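Position 377, counted from 1, in the sequence shown is what the UniProt record's numbering calls 377; the numbers after and before it change by one each time, with no gaps.
By construction, the Cβ of each residue, glycine as well, lies at the ideal position given by its N, Cα and C atoms.
As the structure is a computational prediction, the values presented were derived from the model and not from experiment.
Accompanying notes for the structure given below.
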Amino acid sequence: MNQKSLHGQKIAISGGGIGGAAAALALALRGAEVTLFERAKVFKEVGAGLQIGPHGWKMLDKWGVSQRITDLGFQPKDMIFRDAVDGSDLVTLTFDEEFENRYGGKYIVIHRSDLLTTLIEAARENGATLHNGIKVEDTFNEESGTGVELSLSTGDIFKADVFLAFDGVHSVQRAKMHGDKPVPSSYVAYRGTSSLVEDEEMKGLKSVIGYIGPHCHFIQYPLRGGNLLNQVAVFESKRYLDGLKIGNVPEDWGNNEELDSAYDHCTDFIQSRLPLMWRDKWWQMADLEAVDTWVNGRIILLGDAAHAPLQYLASGAVMAMEDAECVAQYAEDFVRAHGAVDWDRVLLEVETERVNRCRRVQNLGRFWGEIWHVDGAARLLRNELFRNAENNWYRYVDWLWGYDVTDRTYVQDPSKGDLPEGLEDYRYALAGTG
1 MNQKSLHGQK IAISGGGIGG AAAALALALR GAEVTLFERA KVFKEVGAGL QIGPHGWKML
61 DKWGVSQRIT DLGFQPKDMI FRDAVDGSDL VTLTFDEEFE NRYGGKYIVI HRSDLLTTLI
121 EAARENGATL HNGIKVEDTF NEESGTGVEL SLSTGDIFKA DVFLAFDGVH SVQRAKMHGD
181 KPVPSSYVAY RGTSSLVEDE EMKGLKSVIG YIGPHCHFIQ YPLRGGNLLN QVAVFESKRY
241 LDGLKIGNVP EDWGNNEELD SAYDHCTDFI QSRLPLMWRD KWWQMADLEA VDTWVNGRII
301 LLGDAAHAPL QYLASGAVMA MEDAECVAQY AEDFVRAHGA VDWDRVLLEV ETERVNRCRR
361 VQNLGRFWGE IWHVDGAARL LRNELFRNAE NNWYRYVDWL WGYDVTDRTY VQDPSKGDLP
421 EGLEDYRYAL AGTG
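Structure, rendered in structure tokens:
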């Protein structure tokens with residue numbers, strides 16, 4: 001990495017979540033003048049734990065923060081899928097030396113706030129300027145085509161060479177470019193953290209465990225050095241489906257009453273864990289449709305603003321980090337090849353790479369979620385498929401965990417963003433329509 005390759009380049013970012021903070025760090029490390037605007041008064045991640053595959057760990061290592069992340073998080077020894085109805089093991093993905101050698105990185109789980117704080121601190125340490133309490137309300141490409149102007153909530157105009165919109169699923173810039181809205185999945189998530197060392201049933205847990213069953217799943221893994229237990233309960237809301245049929249979906253779909261009965265068909269163990277879920281808030285799960293256009297002049301959509309996924313591949317945060325490193329790396333590469341950066345060409349190359357990569361993640365995430373939640377004979381077939389993958393599971397995740405933006409995999413072959421062979425005819429059954 002050339003720490004001066006982007007010296008003199010003025011980069012503006014909206015959104016101080018994981019993606020925006022990662023971009024601030026990746027670009028500041030290369031000498032860019034980075035200014036980030038976050039509308040909230042403090043930098044804060046909503047939720048609890050998240051998973052970082054080896055494709056994410058490699059970037060954190062490149063940015064010089066992998067040791068901090070390792071110290072703050074937890075390195076699980078494996079990931080175990082189990083049937084939520086009978087509790088039987090389905091498949092185990094082992095994160096051993098062979099795994100790390102294959103993918104060039106580790107598998108880490110970490111509290112969202114710990115990851116965000118680490119990225120924010122590192123970005124500032126490397127010269128990025130980060131503002132709270134300021135919203136980017138509108139953006140305009142300069143008539144000269146050489147920059148962008150940001151209209152801020154303070155009334156000021158901020159000028160930059162390029163603008164990165166990491167402002168989330170309800171992005172101001174996404175609405176301006178595409179005008180679409182998030183697509184509800186009919187599923188909701190409840191989260192909760194509790195002391196792991198004081199939990200007689202779970203203490204000593206060193207795995208990521210996923211119970212998958214009809215219309216629901218339940219995830220468990222350690223956080224913060226194994227002292228904290230993270231649990232996530234996800235289920236399909238009957239209130240949403242019933243409301244959709246009559247054209248009147250209640251705002252509180254997925255409420256506490258639904259949680260209390262959502263796992264009646266699952267093991268007693270899973271049902272016994274539900275009292276540990278936070279009940280004052282739940283997340284109505286939605287994604288965005290994949291779109292082919294992220295760039296408008298010197299403006300580019302990134303992170304959830306560009307490709308908000310469903311959670312089933314546990315890659316939302318890493319996808320945003322990939323976006324960040326892609327912009328920084330491709331700009332550095334262009335300078336190395338041509339002596340100066342041409343942002344128009346760099347952003348279009350980023351768009352080609354990331355649109356196709358993220359389209360595959362989004363679409364397979366939808367497919368994966370449907371596979372997790374099947375019932376009846378389909379559940380039995382799914383279980384057999386998982387068990388048969390016990391010694392051959394690499395083939396299903398090489399494309400995901402073996403990714404590196406420097407390879408330009410999707411620039412070289414955009415068709416790799418399509419669904420894999422055998423799934424070409426898959427169509428997402430939107431809630432209430434399929």
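Review point. Where Gly179 and Val291 are concerned, what is the direct C-alpha to C-alpha distance, given to the nearest angstrom?
Key: Numbered from its first residue, the sequence shown carries residue 179 at position 179. Numbered from its first residue, the sequence shown carries residue 291 at position 291. Rounded to the nearest angstrom, the two C-alpha atoms are 12 Å apart.
Exercise for review: Could you pull out every residue in the same chain whose Cβ sits closer than 7 Å to the Cβ of Arg68, ignoring the five residues on either side in sequence?
Suggested key: Your numbering for residue 68 matches position 68 in the sequence shown. Closer than 7 Å at Cβ, skipping near neighbours: Thr118.
Check your understanding: According to DSSP, what are the bridge partners of Val109?
Key -> Translated into the one-based positions of the sequence shown, residue 109 becomes position 109. Looking at the DSSP assignment, Val109 forms a beta bridge with Gln51 and Phe74.
Practice item. Give me the Cα-Cα distance between Asp61 and Asp260, rounded to the nearest whole angstrom. Key: By one-based count along the sequence shown, residue 61 stands at place 61. By one-based count along the sequence shown, residue 260 stands at place 260. The alpha-carbon atoms of Asp61 and Asp260 are separated by roughly 42 Å.
Exercise for review: Whole angstroms is fine: what's the gap from Pro275's alpha carbon to Gly127's?
Suggested key: Counted from its first residue, the sequence shown places residue 275 at position 275. Counted from its first residue, the sequence shown places residue 127 at position 127. Their Cα atoms are separated by approximately 45 Å.
Review point. What number of angstroms, rounded off, separates the C-alpha of Asp404 from the C-alpha of Glu100?
Key: In the sequence shown, residue 404 corresponds to position 404, counting from 1. In the sequence shown, residue 100 corresponds to position 100, counting from 1. Distance between the alpha carbons of Asp404 and Glu100: 14 Å.
**Study point:** Which of helix, strand or coil DSSP assigns to Ile134
**Key:** By one-based count along the sequence shown, residue 134 stands at place 134. Three-state DSSP puts Ile134 in coil, outside helix and strand.
Point to revise | C-beta atoms of Gln311 and Met277 nearer than 8 Å | key: Taking the first residue of the sequence shown as 1, we reach residue 311 at position 311. Taking the first residue of the sequence shown as 1, we reach residue 277 at position 277. It is not a contact, given that the beta carbons lie outside the stated cut-off.
Check your understanding: When the Cα atoms are used, what is the spatial distance from Asp138 to Val374?
Key -> For the purposes of this step, residue 138 is identified with residue 138 of the sequence shown, where counting begins at 1. For the purposes of this step, residue 374 is identified with residue 374 of the sequence shown, where counting begins at 1. Using only the alpha carbons, I get a separation of about 43 Å.
Exercise for review: Figure out for me which residue from Pro184, Ala337 and Gly210 has the closest Cα to the Cα of Tyr240.
Suggested key: Translated into positions along the sequence shown, residue 240 becomes position 240. Looking at the Cα atoms, Pro184 is the closest of the given residues.
Practice item. Assuming Ala28 and Ala123 form a contact by the criterion Cβ under 8 Å, report the distance between their Cβ atoms to the nearest whole angstrom. Key: Taking the sequence shown and counting its residues from 1, the one referred to as residue 28 is at position 28. Taking the sequence shown and counting its residues from 1, the one referred to as residue 123 is at position 123. Indeed, because the Cβ distance is near 6 Å, the residues count as touching under 8 Å.
Review point. At what residues does the beta strand (DSSP E) containing Ser14 begin and finish?
Key: The sequence position of residue 14 within the sequence shown is 14, counting from 1. Looking at the DSSP string, the run of the beta strand (DSSP E) that includes Ser14 is Lys10 to Ser14.
Point to revise | Which of helix, strand or coil DSSP assigns to Ala328 | key: As a working mapping, residue 328 is identified with position 328 in the sequence shown. Looking at Ala328 - three-state DSSP - the assignment turns out to be helix.
Check your understanding: Do the segment 78–97 and the segment 140–159 make contact, defined as three or more Cβ pairs closer than 8 Å?
Key -> no
Exercise for review: Report yes if the CB atom of Gly31 is closer than 8 Å to the CB atom of Gln3, and no otherwise.
Suggested key: Locating residue 31 in the sequence shown gives position 31, where the first residue counts as 1. Locating residue 3 in the sequence shown gives position 3, where the first residue counts as 1. Yes, the pair counts as a contact, with Cβ atoms nearer than the cut-off.
Check your understanding: Grouping DSSP H, G and I as helix and E and B as strand, with all else coil, what is Glu349?
Key -> Locating residue 349 in the sequence shown gives position 349, counting from the first residue. If DSSP states are grouped into helix, strand and coil, Glu349 belongs with the helices.
Review point. Is DSSP giving Asp94 helix, strand or coil here?
Key: Locating residue 94 in the sequence shown gives position 94, where the first residue counts as 1. The question names Asp, but residue 94 in the sequence shown is Thr. It is a strand residue.
Point to revise | Which residues DSSP lists as bridging Cys358, in chain order | key: Position 358 of the sequence shown, counted from the first residue, corresponds to residue 358. Cys358 is not bridged to any residue.
**Study point:** Gly213 - partner residues in DSSP beta bridges
**Key:** Taking the sequence shown and counting its residues from 1, one reaches residue 213 at position 213. In the DSSP output, where bridge partners are listed per residue, Gly213 has Cys216.
Review point. Do Leu228 and Ser195 come within 8 Å of each other at the CB atom, strictly closer than that value?
Key: Here the question's residue 195 lines up with position 195 in the sequence shown. Here the question's residue 228 lines up with position 228 in the sequence shown. Yes, Cβ-Cβ distance for Ser195 and Leu228 is below 8 Å.
Review point. Are the CB atoms of Arg174 and Leu301 nearer to each other than 8 Å?
Key: Locating residue 174 in the sequence shown gives position 174, where the first residue counts as 1. Locating residue 301 in the sequence shown gives position 301, where the first residue counts as 1. Their beta carbons are under 8 Å apart, which means Arg174 touches Leu301 by this criterion.
Review point. In three-state terms, what does DSSP make of Ser66?
Key: Working through the sequence shown from its first residue, we reach residue 66 at position 66. Ser66 falls in the helix class under three-state DSSP.
Exercise for review: Classify Val42 as buried or exposed, calling it buried when 16 or more other Cβ atoms lie within 10 Å of its own Cβ.
Suggested key: Here residue 42 refers to the residue found at position 42 of the sequence shown. By the 10 Å Cβ count, Val42 comes out exposed.
Exercise for review: Rounded to whole angstroms, what's the CA-CA distance from Ile110 to Leu223? Just pull it up for me.
Suggested key: Along the sequence shown, read from residue 1 onward, the residue named residue 110 stands at position 110. Along the sequence shown, read from residue 1 onward, the residue named residue 223 stands at position 223. Near 6 Å, if we compare the C-alpha coordinates of Leu223 and Ile110.
Check your understanding: So the beta strand (DSSP E) Asp268 belongs to, where does it begin and stop?
Key -> Here residue 268 corresponds to residue number 268 of the sequence shown, with the count starting at 1. Premise fails: Asp268 lies in the alpha helix (DSSP H), Asp268 to Arg273, not in any beta strand (DSSP E).
Review point. Counting along the chain, where does the beta strand (DSSP E) carrying Asp287 start and finish?
Key: Numbered from its first residue, the sequence shown carries residue 287 at position 287. Unbroken beta strand (DSSP E) run through Asp287: Trp283 to Asp287.
**Study point:** Complete alpha helix (DSSP H) runs within the segment 157–184 (minimum length 4 residues, chain order)
**Key:** 172–177
Check your understanding: In the structure shown, what three-state DSSP assignment does Pro222 receive?
Key -> Translated into positions along the sequence shown, residue 222 becomes position 222. In this structure, Pro222 counts as strand in the three-state DSSP scheme.
Check your understanding: DSSP puts residue 442 in a beta bridge; with which residues?
Key -> Nothing in the structure corresponds to residue 442, since the chain is present only between 1 and 434.
Point to revise | Contact set for Ala314: own chain, Cβ-Cβ below 8 Å, skip 5 residues either direction | key: Reading the sequence shown from its first residue, position 314 is the one you call residue 314. Leu50, Gln51 and Gly53, listed in sequence order.
Point to revise | 4 or more residues per run - each alpha helix (DSSP H) lying fully within the segment 14–46 | key: 18–28
**Study point:** Asp83 - DSSP class collapsed to helix/strand/coil
**Key:** For this step, residue 83 is matched to residue 83 along the sequence shown. Strand, per DSSP.
Exercise for review: Kindly identify the DSSP beta-bridge partner or partners of Asp89.
Suggested key: Indexing the sequence shown from 1 puts residue 89 at position 89. Paired residues: Arg82.
Check your understanding: If you run the structure through DSSP and keep just helix, strand and coil, what is Leu364?
Key -> Walking along the sequence shown from the start, residue 364 turns up at place 364. Three-state DSSP puts Leu364 in a helix.
Review point. In chain order, what residues of the same chain have a beta carbon less than 8 Å from the beta carbon of Gly47, not counting five sequence neighbours either side?
Key: Within the sequence shown, the letter at position 47 stands for residue 47. Hits under 8 Å: Arg112, Arg191 and Trp283.
**Study point:** Whole-angstrom C-beta distance between Ile18 and Leu115, which should lie under 8 Å
**Key:** Numbered from 1 along the sequence shown, position 115 holds the residue referred to as residue 115. Numbered from 1 along the sequence shown, position 18 holds the residue referred to as residue 18. Rounded, the Cβ-Cβ distance is 6 Å, consistent with contact.
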